[in-house]
Amino acid sequence: MNQTSSSQPVIQVKSITKFYKGRGASKTPALNNVSLDVTKGQKVVICGPSGSGKSTLLRCVNALETPDSGELYVLGSDITKLKGAELYKARSRIGMVFQHFELYPHLTVLRNITLAPTNILKLSSADANAKAMQLLERMGLGQFSDRYPNQLSGGQRQRVAIARALAMSPEIMLFDEATSALDPEMVHEVLDVMRQLADEGMTMLIATHEMNFAKEVSDAVVFMDQGKIVEQGSAQEVLVNPQQERTKLFLERVLAS
-18 MNQTSSSQPV IQVKSITKFY KGRGASKTPA LNNVSLDVTK GQKVVICGPS
32 GSGKSTLLRC VNALETPDSG ELYVLGSDIT KLKGAELYKA RSRIGMVFQH
82 FELYPHLTVL RNITLAPTNI LKLSSADANA KAMQLLERMG LGQFSDRYPN
132 QLSGGQRQRV AIARALAMSP EIMLFDEATS ALDPEMVHEV LDVMRQLADE
182 GMTMLIATHE MNFAKEVSDA VVFMDQGKIV EQGSAQEVLV NPQQERTKLF
232 LERVLAS
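Under the working numbering, think of the first position of the sequence shown as -18, with each following residue one higher.
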């Protein structure tokens, strides 16, 4: 496991709460007073049942959702306060990989990867293409650059999604259940790439149900339920020797499935 940095956290989540409107005037807290620090190079795994707030937390970090209260600093900026060009610039430093790939079906694999670097980073087509091909070769997908997403397997599409995120040269990578939509045989393809990124020192915030992977790569594990952080610590503390009954029950169910 890589050692974490003792520097200022690159992600600071300070008592954020996020409500979703229910029926009528009722509101349900998707996040309820959540606080979390992630330092440079740290690999933090977030686990918990569906609906526990994992995805909402990641989407807040990437400014796809805005907390109703609290503060959220990413790479030194309060990302909840940024707008326009400043927000796009901040997002360009944060890569995000979604559960369902989110690739553009009408664009080739190569164009999916080069679209943001050419439009946002203003790379030339030649430079963007060269970087994209380098990433595809790294993912073992160099021969698929001219194919469309529907011509690829789930594992291949997710690796393209990772390549697309890396094409922006991000300082932080967010993974939102990146393997949960894959057939079991394809899960290892994506986890292998994530292991490589972890070994290279990438700062990573990972929502996953892959407990063995979490034990292997994480510097810290956060267990969430009903929008709250129930327990956090090292993988040994949270996944092997949990203190909270809710954490124990979740792990028993996940490991038995």
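For every residue, glycine included, the Cβ atom is placed at its ideal position computed from N, Cα and C.
Cα separation between residue 18 and residue 55? 10 angstroms
Whole-angstrom Cβ separation of residue 220 and residue 232, contact assumed at under 8 angstroms? 7 angstroms
When burial is assigned at 16 or more other CB atoms within 10 Å of the CB, is residue 200 buried or exposed? buried
Is DSSP giving residue 213 helix, strand or coil here? strand
Taking the runs of the beta strand (DSSP E) that are 3 residues or longer, which of them lie wholly in the region 90 to 176? 153 to 157
Candidates 204, 217 and 8, of which the one nearest residue 35 by Cα: 204
For a test of the three-state rule: what should DSSP assign to residue 180, helix, strand or coil? helix
Any idea if residue 212 is buried or exposed, counting beta-carbon neighbours within 10 angstroms, 16 or more meaning buried? buried
Excluding five sequence neighbours on each side, which residues of the same chain lie with their C-beta closer than 6 angstroms to the C-beta of residue 50? -2
What are the boundary residues of the alpha helix (DSSP H) that includes residue 71? 65 to 72
Excluding five sequence neighbours on each side, which residues of the same chain lie with their C-beta closer than 8 angstroms to the C-beta of residue 138? 82, 84 and 130
Alpha carbon to alpha carbon, what distance is there between residue 185 and residue -10? 12 angstroms
Where does residue 239 sit, in a helix, a strand or coil, going by DSSP? The question about residue 239 has no answer here: the residues shown for the chain are numbered -18 through 238.
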